[in-house]
Amino acid sequence: TLLVGLAEDEVQRWREGYSQDAHFQQVLDSIRTEDDPLAPTFPQYYVSDEGLIYFEDWNGANRLCIPEARQLELIKEVHDVITEGAHAG
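So the sequence shown is numbered by our numbering: it starts at 122 and just counts up by one.
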């Protein structure tokens, strides 16, 4: 198990990203207004206490959902860090 913490301002940026992302806004709206908790519209998603959206894959692994507006930023960040990238440069 890997535990990662985010500063509150960073978590807020993610929540704002979800609200600006058409798909994740639909997921959030559905979760908030679900009439039948036994038959949710998006059963593969859940929202953490902090408001982050996770996707549970077929193997039961939870994956943090990345709002569209943050995707390029995060790919660049990971790519440009020598210890994280597949190559240097």
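Built from N, CA and C at the ideal position, the CB exists for glycine as well. Predicted model only: the values in this text are computed from it and were never measured.
Check	Outcome
Can you give me the start and stop residues for the alpha helix (DSSP H) that residue 174 sits inside?	Unbroken run through residue 174 is the beta strand (DSSP E), 174–177; no alpha helix (DSSP H).
Count the CB pairs spanning the region 158–166 and the region 132–139 that are closer than 8 Å, and state whether there are at least three.	no
Report yes or no: do the region 141–156 and the region 179–189 share at least 3 C-beta pairs separated by less than 8 Å?	yes
For a quick check, are the C-beta atoms of residue 132 and residue 171 less than 8 Å apart?	yes
Given a threshold of 16 other Cβ atoms within 10 Å of its Cβ, counted over all protein chains shown, does residue 213 qualify as buried or as exposed?	Lying outside 122 to 210, the shown extent of the chain, residue 213 is not represented and no answer is given.
If you follow the beta strand (DSSP E) that residue 185 is in, where does it begin and where does it stop?	183–185
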